Amino acid sequence: MDSGSSSRPAPPLEVSTWFNTQEPLSLEDLRGQVVVIEAFQMLCPGCVSHGLPQAQRIVDTFGGDVTVLGLHTVFEHHDAMTPVSLAAFLYEYRIGFPVGVDAHDRPGGTPITMARYQLRGTPSLVLIDRAGSIRLDAFGHVDDLTVGATIARLIDEPVPAASTLPTGSAQPA
């Protein structure tokens, strides 16, 4: 695992297609919630064996206290990892949390959100606090105890005052 503990504002997501959600999601709309982003590629062995199962365990453990988002960041094997293939993958692996396809600004290039977050590869895990700041970003395997303890600390932090939340954002009940 290579991780960074930082506290910089989380850049917006640039997603071309969403799965497992009725409407497109944005970090702006999720402000006031703890957000976990699992950046993955469906042909990445570490993503399939560790990253995505860990994301599902986070959903199962923390439920409504955390919003988990998958981010399909295709930076290689573009022809094999199409949205149609991803839909089948999500169905077969029973991934029910929202997953966005990281948009590209040029064919075959680095996905936009991946570049904004300076992700080095997949799997990558990003934890965002209620104020919208990145509190942990990690490339590779991160043990469940470390992730769970960090998420628990973020959940226990006070919800930012309504005046610091963007217009239209609801604070969690």
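So the mapping is simple: the working numbering equals the position in the sequence shown, first residue as 1, plus 14. Glycine residues also receive a C-beta, built at the ideal position from the N, C-alpha and C atoms. Bear in mind that the values here come from a model prediction, so they are computed numbers and not experimental data.
1) Which of the three DSSP states is assigned to G77 in this structure?
2) Beta-carbon separation of S99 and M128 under 8 Å?
3) Can you check which of these residues, A163, H155, G110, is closest to Q70 by C-alpha distance?
4) Less than 6 Å between C-beta atoms, sequence neighbours within five positions excluded: which residues of the same chain meet that for T31?
5) I'd like the ranges of any beta strand (DSSP E) spanning at least 3 consecutive residues and lying wholly in the stretch 109-183.
6) Of all the options A175, R22, S40, which has the alpha carbon lying nearest to the alpha carbon of T81?
7) State buried or exposed for T35, treating a residue as buried only when at least 16 other CB atoms are found within 10 Å of its CB.
8) Would you mind reading off the limits of the alpha helix (DSSP H) that contains E37?
9) Which stretch, first to last residue, makes up the alpha helix (DSSP H) that contains E28?
10) Would A175 be called buried (16 or more neighbouring beta carbons within 10 Å of its own) or exposed?
11) Are the Cβ atoms of V48 and L168 separated by less than 8 Å?
12) Under a three-way DSSP split, which group does R71 fall into?
Based on what the coordinates show:
1) helix
2) no
3) G110
4) P97, V115
5) 113-116, 138-142, 147-153
6) S40
7) exposed
8) No alpha helix (DSSP H) contains E37, which DSSP labels as neither H nor E.
9) Run containing E28: none; DSSP gives neither H nor E here.
10) exposed
11) yes
12) helix
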